[in-house]
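Colleague:
Number of protein chains: 2
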Amino acid sequence: MNVGVIGLGLIGGSIAIDLRKRGFAEKVLGVENEKLNAEAALKIGLADEIVDLEACVAASDVIVIAIPVGAAVKLLPSVLDLVAGTEKVVLDVCSVKECLCQVAAGHKARAQYVATHPMAGTEYSGPWAAMPGLFDGRACIFCDIEESSPKAVRLAEKIYDVLNMRVIRMRSDAHDMHVAYVSHISHITSFALALTVLDKEKDEKHIFDLASGGFSSTVRLAKSSADMWVPILAQNHDNVLRVIDTYIDKMKEFRTAIDAYDEERIRELIEEGNKIKRIIR
Amino acid sequence: MNVGVIGLGLIGGSIAIDLRKRGFAEKVLGVENEKLNAEAALKIGLADEIVDLEACVAASDVIVIAIPVGAAVKLLPSVLDLVAGTEKVVLDVCSVKECLCQVAAGHKARAQYVATHPMAGTEYSGPWAAMPGLFDGRACIFCDIEESSPKAVRLAEKIYDVLNMRVIRMRSDAHDMHVAYVSHISHITSFALALTVLDKEKDEKHIFDLASGGFSSTVRLAKSSADMWVPILAQNHDNVLRVIDTYIDKMKEFRTAIDAYDEERIRELIEEGNKIKRIIR
Numbered sequence: 001m002n003v004g005v006i007g008l009g010l011i012g013g014s015i016a017i018d019l020r021k022r023g024f025a026e027k028v029l030g031v032e033n034e035k036l037n038a039e040a041a042l043k044i045g046l047a048d049e050i051v052d053l054e055a056c057v058a059a060s061d062v063i064v065i066a067i068p069v070g071a072a073v074k075l076l077p078s079v080l081d082l083v084a085g086t087e088k089v090v091l092d093v094c095s096v097k098e099c100l101c102q103v104a105a106g107h108k109a110r111a112q113y114v115a116t117h118p119m120a121g122t123e124y125s126g127p128w129a130a131m132p133g134l135f136d137g138r139a140c141i142f143c144d145i146e147e148s149s150p151k152a153v154r155l156a157e158k159i160y161d162v163l164n165m166r167v168i169r170m171r172s173d174a175h176d177m178h179v180a181y182v183s184h185i186s187h188i189t190s191f192a193l194a195l196t197v198l199d200k201e202k203d204e205k206h207i208f209d210l211a212s213g214g215f216s217s218t219v220r221l222a223k224s225s226a227d228m229w230v231p232i233l234a235q236n237h238d239n240v241l242r243v244i245d246t247y248i249d250k251m252k253e254f255r256t257a258i259d260a261y262d263e264e265r266i267r268e269l270i271e272e273g274n275k276i277k278r279i280i281r
Numbered sequence: 282m283n284v285g286v287i288g289l290g291l292i293g294g295s296i297a298i299d300l301r302k303r304g305f306a307e308k309v310l311g312v313e314n315e316k317l318n319a320e321a322a323l324k325i326g327l328a329d330e331i332v333d334l335e336a337c338v339a340a341s342d343v344i345v346i347a348i349p350v351g352a353a354v355k356l357l358p359s360v361l362d363l364v365a366g367t368e369k370v371v372l373d374v375c376s377v378k379e380c381l382c383q384v385a386a387g388h389k390a391r392a393q394y395v396a397t398h399p400m401a402g403t404e405y406s407g408p409w410a411a412m413p414g415l416f417d418g419r420a421c422i423f424c425d426i427e428e429s430s431p432k433a434v435r436l437a438e439k440i441y442d443v444l445n446m447r448v449i450r451m452r453s454d455a456h457d458m459h460v461a462y463v464s465h466i467s468h469i470t471s472f473a474l475a476l477t478v479l480d481k482e483k484d485e486k487h488i489f490d491l492a493s494g495g496f497s498s499t500v501r502l503a504k505s506s507a508d509m510w511v512p513i514l515a516q517n518h519d520n521v522l523r524v525i526d527t528y529i530d531k532m533k534e535f536r537t538a539i540d541a542y543d544e545e546r547i548r549e550l551i552e553e554g555n556k557i558k559r560i561i562r
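Protein chains in written order, with my numbering: chain A, 1 to 281; chain B, 282 to 562.
The following block contains the structure:
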């Protein structure tokens, strides 16, 4: 099967690697508008060819849209226009789903599109960040699949089976709410932590000397790409604002307890937070 | 040399392991008030004997205080009383230093005490969490060493050399300010993140399914022990409140930018946060 991948960054590139390595993709046709990324993707071998959108869609059986969600919202209708009336299937892999399902709604090729979100990644980006095995054992969320044809869903399932992912089905609005809590807020808390520390610790040597493993792990996501995260936060606007508000309330509860030297209340908050142990290994 | 370790948890236990394994400690005498921990420490082999405080000090050349900082502040004067007039040296390894230097100030045995903070740890606690090599390559901060005798400082340096740590010297008030930024706030942000997610995601299966590596890494410190962290946050009160306030301001800057769909401002904030790359590998 020929696979078209639009956007050969961390996610698109990693999908291309494993789909070929595991025998699913005979040929990978990449679309990559950034010249440097396109050259790197060819050099690394993420794609057999870099072609334009029309040529990619024409030559591919399945097209994976793996660009930042803001750009994906703009591109999806054109891709659906191109596949309409064919047997081709279109997937996207963006982290926000309701906006994509909305823009596809009512399109004559809607049934050929499956909205998916493979929950994996690293804080790095670009073709250089692509790696084999990135998705192994992780969850992939399929949204609003009643809008997709059974045939398209089966092909998407096959692809994520090759990528060793567990498929979870969810409504796109529920998806966007849940990921705000378990993914988007983690990124915002890391960015805010980085800003707080960089603001104060003008002398970088101090941070470097003093930062323990705990700090590095908590701030790691602050290295994440603005190209990816600006549109996610903007597109998942309402959910993200709600979770920020809850988060600020929790911080204020700590502040109040510490301000009052209320060790019993600080303990309650910490022990309540400790319950995350039950969930995260 | 005989080493007394008061508190055989993650830090005290790990010190005991490496000081013995690397030939510095002939004998480790442990003080551990919690019966279960004392039995575990003996069984694991962290100490040769569990004894009471007086017996420990009497038989040890150097005494390492490795209990939560609130308890250490109360205990330090008694330990200094016991070592006064001898050649014995006392170290503590707590994460807040000014309160300890203050309680030791003017004591007749002050010069025998060295305030140290080995910056290493994990989110686990108790004797079971102790491990070899925990401190290798990390930084250890010595505070207010002009108050310690050169001989006591040399012995402390020797110990941290055996533990493979880089020693950094700092005033205790500067230490407490810096660790609030690079360590204490990381813990509070993790606890607040855990509380936020637990509050919302009543259905733990969802968190478990959806939580990606990013969430796990950001929330990891929320597993940290209340016994250790309640006294740290209470003792480093002023610095911690200041850093929480800065942090809440940064979160609000994100909130304002997202609320206004101001993608340019969101990008500025993220790219500013990305600068942490220069510091954290």
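The C-beta atom is built at its ideal place from N, Cα and C for all residues, glycine as well.
Would you mind reading off the limits of the alpha helix (DSSP H) that contains His318 of chain B?
Modeller: A quick correction: the sequence has Asn, not His, at residue 318 of chain B. Segment Lys316 to Ile325, the alpha helix (DSSP H) holding Asn318 of chain B.
Colleague: With a CB to CB cut of under 6 Å and the five nearest residues on each side skipped, what residues in its chain are close to Pro231 of chain A?
Modeller: Pro68, Val69 and Gly70
Colleague: Can you name the start and end residues of the alpha helix (DSSP H) that Val103 of chain A belongs to?
Modeller: Glu98 to Ala104
Colleague: How is the beta strand (DSSP E) around Phe423 of chain B delimited, first residue to last?
Modeller: Ala420 to Cys424
Colleague: Do Met446 of chain B and Pro413 of chain B have their C-beta atoms within less than 8 Å of each other?
Modeller: no
Colleague: Quick check on Pro358 of chain B: buried or exposed, where buried means 16 or more other Cβ atoms within 10 Å of its Cβ?
Modeller: Under this definition Pro358 of chain B is an exposed residue.
Colleague: Would you check if the distance between the CB atom of Asn236 of chain A and the CB atom of Val96 of chain A is smaller than 8 Å?
Modeller: Yes, the Cβ-Cβ distance between Asn236 of chain A and Val96 of chain A is below 8 Å.
Colleague: Distance cutoff 8 Å, beta carbons only. Does Leu198 of chain A sit that close to anything in chain B?
Modeller: So yes, Leu198 of chain A belongs to the interface.
Colleague: Establish whether the CB of Ala473 of chain B and some CB of chain A are separated by less than 8 Å.
Modeller: yes
Colleague: For Val89 of chain A versus Ile557 of chain B, is the C-beta distance shorter than 8 Å?
Modeller: Judged by their CB atoms, Val89 of chain A and Ile557 of chain B are not nearer to each other than the 8 Å cut-off.
Colleague: What residues in the stretch 217-245 of chain A bring their beta carbon closer than 7 Å to a beta carbon of chain B?
Modeller: Ser217, Thr218, Val219, Arg220, Leu221, Ala222, Lys223, Ala226, Trp229, Val230, Leu233, Ala234, His237, Val240, Leu241, Val243 and Ile244
Colleague: When the Cα of Ala541 of chain B is compared with those of A:Glu272, A:Tyr247 and A:Val240, which residue comes out closest?
Modeller: A:Val240
Colleague: Would the stretch 330-349 of chain B and the stretch 301-318 of chain B be scored as touching if the rule is three or more Cβ pairs under 8 Å?
Modeller: Counting C-beta pairs closer than 8 Å gives three or more between the stretch 330-349 of chain B and the stretch 301-318 of chain B, which meets the contact rule.
Colleague: What does DSSP give as the partner residues of Pro399 of chain B in its beta bridges?
Modeller: B:Cys421
Colleague: Keeping to the same chain, check which residues put their C-beta closer than 6 Å to that of Asp242 of chain B; ignore five residues upstream and five downstream.
Modeller: Because chain B here runs from 282 to 562, residue 242 of chain B falls outside it and cannot be looked at.
Colleague: Have a look at Ser60 of chain A and Gly4 of chain A and give me their C-alpha separation to the nearest angstrom.
Modeller: A straight line joining the alpha-carbon of Ser60 of chain A with that of Gly4 of chain A spans about 5 Å.
Colleague: By DSSP, does Arg452 of chain B sit in helix, in strand, or in coil?
Modeller: coil
Colleague: State yes or no: is the C-beta of Ala226 of chain A within less than 8 Å of the C-beta of Ile551 of chain B?
Modeller: yes
Colleague: Output the distance between the C-alpha atoms of Arg419 of chain B and Phe305 of chain B, rounded to the nearest integer angstrom.
Modeller: 19 Å
Colleague: Provide the residue span of the beta strand (DSSP E) that contains Val90 of chain A, from first to last.
Modeller: Start and end: Val89 to Asp92.
Colleague: Report the rounded CA-to-CA distance for Phe472 of chain B versus Val83 of chain A, giving the unit in angstroms.
Modeller: Looking at the two C-alpha atoms, the distance is approximately 47 Å.
Colleague: Determine the burial state of Leu361 of chain B: buried for a count of at least 16 other Cβ atoms within 10 Å of its Cβ, exposed for fewer.
Modeller: buried
Colleague: Below 7 Å on C-beta distance, what does Lys250 of chain A contact in chain B?
Modeller: Ala473, Leu476 and Thr477
Colleague: In the DSSP output, which residue or residues are listed as bridge partners for Glu49 of chain A?
Modeller: A:Leu29
Colleague: At which residues does the alpha helix (DSSP H) containing Gly214 of chain A begin and terminate?
Modeller: Unbroken alpha helix (DSSP H) run through Gly214 of chain A: Gly213 to Val219.
Colleague: Taking three-plus beta-carbon pairs below 8 Å as touching, is the stretch 521-530 of chain B in contact with the stretch 459-471 of chain B?
Modeller: yes
Colleague: Any C-beta of chain A sitting closer than 8 Å to the C-beta of Asn555 of chain B?
Modeller: yes
Colleague: Hey, is Lys324 of chain B's beta-carbon within less than 8 Å of any beta-carbon in chain A?
Modeller: So, not an interface residue.
Colleague: Measuring only the C-alpha atoms, how far is Ile65 of chain A from Ala156 of chain A?
Modeller: Computed Cα separation, rounded: 13 Å.
Colleague: Tell me the DSSP secondary structure of Ile67 of chain A in three-state form.
Modeller: coil
Colleague: Please state the DSSP three-state secondary structure of Asn445 of chain B.
Modeller: In this structure, Asn445 of chain B counts as coil in the three-state DSSP scheme.
Colleague: Strictly under 8 Å for the Cβ-Cβ distance: is Met131 of chain A near chain B by that measure?
Modeller: no
Colleague: What does Arg536 of chain B reach in chain A if we use C-beta pairs closer than 8 Å?
Modeller: By Cβ distance, chain A contributes Leu241, Ile244, Asp245 and Ile248.
Colleague: Leaving aside the five residues before and after Ala152 of chain A along the sequence, list all residues of the same chain whose C-beta is less than 6 Å from its C-beta, in chain order.
Modeller: Val89, Gln112 and Val114
Colleague: Look at Ile248 of chain A and Phe535 of chain B and say whether their C-beta atoms are less than 8 Å apart.
Modeller: no
Colleague: Whole angstroms are fine: how far does the CA of Leu46 of chain A sit from the CA of Pro408 of chain B?
Modeller: 48 Å
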